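Only one structure is covered here, and it is reproduced in the block below.
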Amino acid sequence: MAADRRGNALGRFVYGRRYLAREDAVEVDPIELKLGSDVYETVRLGGIFGAIRDAGPDYWGRRVIEKHTGKTRLDELSYLLESPDDRSGALSFGLNIEPPAPKKKFNKTIDLEKLQSLAEALIRDDLEGHDDDLAQVQDLMLIGTSMGGARPKAVVEDDVGLWVAKFGRPDDRWNNPRVEFAMLELARQCGVNAARSRIETIAGKDVLLVQRFDRERTSRGYIRARMISGLTMLRAEDLVYARDRWSYVILAEELRRVTTEPKKDSAELFRRMCFNALISNLDDHPRNHSMIAMDREWKLSPAYDLTPSPVVSQDVRDLAMECGDQGRFANKSNLLSQCARFLLSREEGEKIISDMQRQVESTWYNVARACGVSERDAKTVSAAFVYPGFSRDFLPQ
Ligand SMILES: Nc1ncnc2c1ncn2[C@@H]1O[C@H](COP(=O)(O)OP(=O)(O)O)[C@@H](O)[C@H]1O
Ligand SMILES: [Mg+2]
22 MAADRRGNAL GRFVYGRRYL AREDAVEVDP IELKLGSDVY ETVRLGGIFG AIRDAGPDYW
82 GRRVIEKHTG KTRLDELSYL LESPDDRSGA LSFGLNIEPP APKKKFNKTI DLEKLQSLAE
142 ALIRDDLEGH DDDLAQVQDL MLIGTSMGGA RPKAVVEDDV GLWVAKFGRP DDRWNNPRVE
202 FAMLELARQC GVNAARSRIE TIAGKDVLLV QRFDRERTSR GYIRARMISG LTMLRAEDLV
262 YARDRWSYVI LAEELRRVTT EPKKDSAELF RRMCFNALIS NLDDHPRNHS MIAMDREWKL
322 SPAYDLTPSP VVSQDVRDLA MECGDQGRFA NKSNLLSQCA RFLLSREEGE KIISDMQRQV
382 ESTWYNVARA CGVSERDAKT VSAAFVYPGF SRDFLPQ
């Protein structure tokens, strides 16, 4: 890290010579950090390259690390060095030439009760502002802090493999784990490749387990897939007020440059964008999309973090990323307006949208109930599905 002439933090990245000489050397980021001896520089994201920032914790993991270390704010590199190696993707961080040894023992699903109560203590501390419940600060790191996102979570292992466990919060307006579980199922039924998931009920509370798609279990341990977020693919800033590059259309083009199956992956991204509009998943920011590479080839990761928002407006709802000529407007004509850039003809695009609209409209309730969403929660989120403005042809004046 250094500073540029305007005083902005400037990050430099260079691949080690020994690494470049390896036959199995791969790039950290196929767009911005191609393999070679160039010195790369960036001032985005406070001087941290997107692919490296992607491996760091977000709001939730940072809270855990801050509580654990007793410091209120650490710099970006300290968060990376302090976080355990259950993070997304294939990177490890250390100060020596050799990477730190891989983690051998993960929390098991039977530890979920303890993890849940640690997460609850941290949330209570945030909501009520006292430390009484955090007597076992040492234990906090058991939660597994490195995954991104803001919601409380931990990483657990069972006979199948590794899972992201997502807990509810006392201030949730509905049973989030159940509803997210139902949305992953609904997405699957709409032809979206959604991450595999299940529910565990621990001490009367539901926990959503989403199978890690960036780890493959083998007899010799886990193979780690490389992973970069949509934010990195877009080379964008993560602040909402600097989101001029947050766009599905640009994301589709970046995806096409890198994936081994451009036609398939662009159509899949189009389907996800339409699904998000149909369930008012307005939190579909670029970190909720990723590409992964288990071996040399990059592809779109399975879909994750699908959450309906039953907002009040019936006319206009905006996705978090631009999706067509009318900006972020979650509307059928807008979604269709740039379908060629997803490598789809107008007819193909129209068919995807109308089939999915019909499916979401007629099945969301039954899918939710079959996934264990209560009648009351189904009613609370019902306004999220196929809102009236979705099919209107023009913006209201
Ligand atoms: N099944 C998964 N396998 C690997 N990484 C995942 C998986 N699900 C989520 N992630 C990573 O963890 C981050 C946080 O997960 P997410 O479900 O988005 O949580 P939150 O609701 O807190 O935003 C994601 O941005 C992604 O990088
Ligand atoms: Mg998320």
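For my numbering, add 21 to where a residue sits in the sequence shown, where the first one is 1. All residues carry an ideal CB built from backbone N, CA and C; glycine is no exception. None of the values given here were measured: they were computed from a predicted structure.
Nearest to E274 by alpha carbon, out of D259, R264, F291? F291
Among the candidates G212, E237, K226, I144, whose CA atom is the shortest distance from the CA of E178? E237
Less than 6 Å between the CB of G169 and some heavy atom of ligand 1, yes or no? yes
Pairs of beta-carbons, one from the stretch 217-236 and one from the stretch 87-102, closer than 8 Å: are there three or more? no
Return the CA-CA distance between G345 and R39, expressed in angstroms with no decimal places. 45 Å
Can you give me the Cβ contacts of S311 inside the same chain, cut-off strictly under 6 Å, excluding the 5 residues immediately before and after it? M248, S250, S322
Take the Cβ of R33 as the centre, count every other Cβ of all protein chains shown within 10 Å, and call the residue buried at 16 or more, exposed below. exposed
For the stretch 372-391 against the stretch 403-415, are there 3 or more C-beta pairs whose distance is under 8 Å? yes
Buried or exposed (CB count within 10 angstroms, at least 16 for buried), Q418: Low local confidence applies: a pLDDT of 49 at Q418 is under 50, so the model's placement there is unreliable, with the coordinate-based value given in what follows. Per the 10 Å Cβ criterion, exposed.
When DSSP builds the beta bridges, which residues end up paired with M312? I249, L321
In its own chain, which residues sit with a C-beta less than 6 Å from the C-beta of V419, not counting the 5 before and 5 after it? Limits of the chain in this structure are 22 at one end and 418 at the other, which puts residue 419 out of reach.
Ignoring anything shorter than 3 residues, give me the beta strand (DSSP E) runs that lie fully in the stretch 189-230, in order along the chain. 218-223
For K174, three-class secondary structure by DSSP: strand
Let me confirm a value: P329 is counted as buried when at least 16 other C-beta atoms fall within 10 Å, else exposed. Which label applies? buried
Quick check: does the Cβ of D235 come within less than 6 Å of any heavy atom belonging to ligand 2? no
With 16 as the cutoff for other CB atoms within 10 Å, does V35 come out buried or exposed? exposed
Once the 5 residues before and after L357 are set aside, which same chain residues still bring their CB inside 6 Å of it? G370
Give me the DSSP bridge partner(s) of A30. A24
Express the C-alpha separation of L54 and N352 in angstroms, rounding to a whole number. 36 Å
Whole angstroms are fine: how far does the CA of V213 sit from the CA of R293? 7 Å
Using CA coordinates, which residue listed in D227, R278, R209, I73 is at the minimum distance from K425? Nothing can be reported for residue 425: it is not among the residues displayed for the chain, which extend from 22 to 418.
Which same chain residues end up closer than 7 Å to D192 when comparing Cβ atoms and leaving out the 5 residues on each side of it in sequence? L148
Could you give the distance in angstroms between the alpha-carbon of E343 and the alpha-carbon of W81? 27 Å
Boundaries (first-last residue) of the alpha helix (DSSP H) holding L95: Note, L95: premise wrong, no alpha helix (DSSP H); not H, not E.
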